[in-house]
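One structure is given here, and the rest of the page talks about it.
Residue numbers (my numbering): 29 to 186.
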């Protein structure tokens, strides 16, 4: 599937860029290891992938907004900034479709997620505080799963 291959390549390149790590087989295995099935043909395991609720909870804590803000229609700068960052991380760190991500943020449209992803991706090259926050969040979400909310009890729901 060409689309899946392209998505995998983009995921690896984005992770390498965000964490400022050189491309290596180890990096590829860490980023894609949980997304693809083994030779036995079993379905992929997403156990190492943060949930959308975990990403939202981490962004709420990092950006100082409320869970309701992420799902609301509010458009003031701090809320939009946090919501777009959360959508960017959801797109980068999870296998979910744009529509699924959009629904988890208060029933938005998939194009909202695309816009947020593009906007944050472009901002990362010039906005050092944003780059620092997202690097910390990505590290926390991928390296310290025990410190995140559990899948069984999401901190909130939109």
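Cβ coordinates follow ideal geometry from the N, Cα and C atoms, glycine included.
Note that the structure is predicted; figures quoted are calculated from it, not measured.
Assign residue i to one of three DSSP states: helix, strand, or coil.
i	result
residue 91	helix
residue 35	helix
residue 124	coil
residue 7	The first residue shown for the chain is 29 and the last is 186, placing residue 7 beyond what the model contains.
residue 188	Since the first residue of the chain shown is 29 and the last is 186, residue 188 is not available in this structure.
residue 57	helix
residue 137	coil
residue 105	helix
residue 45	helix
residue 99	helix
residue 153	coil
By the 10 Å Cβ neighbour count, where 16 or more other Cβ atoms means buried, how is residue i classified, buried or exposed?
i	result
residue 141	buried
residue 112	buried
residue 79	buried
residue 136	buried
residue 117	buried
residue 119	buried
residue 125	exposed
residue 150	exposed
residue 88	buried
residue 82	buried
residue 219	This structure leaves residue 219 out entirely; the chain is present only between 29 and 186.
Hey, out of the options, whose CA is closest to residue i's CA?
i	options	result
residue 47	121, 92, 106 and 95	121
residue 168	146, 84, 144 and 61	84
residue 134	53, 100, 143 and 150	100
residue 144	110, 51 and 160	110
residue 158	49, 106 and 38	106
Please look up how many angstroms separate the CB atoms of residue i and residue j, rounded, as I've assumed it's under 8 Å.
i	j	result
residue 40	residue 59	5 Å
residue 44	residue 55	6 Å
residue 123	residue 77	7 Å
residue 33	residue 90	Actually they do not touch by this definition, with Cβ atoms about 32 Å apart.
residue 114	residue 98	6 Å
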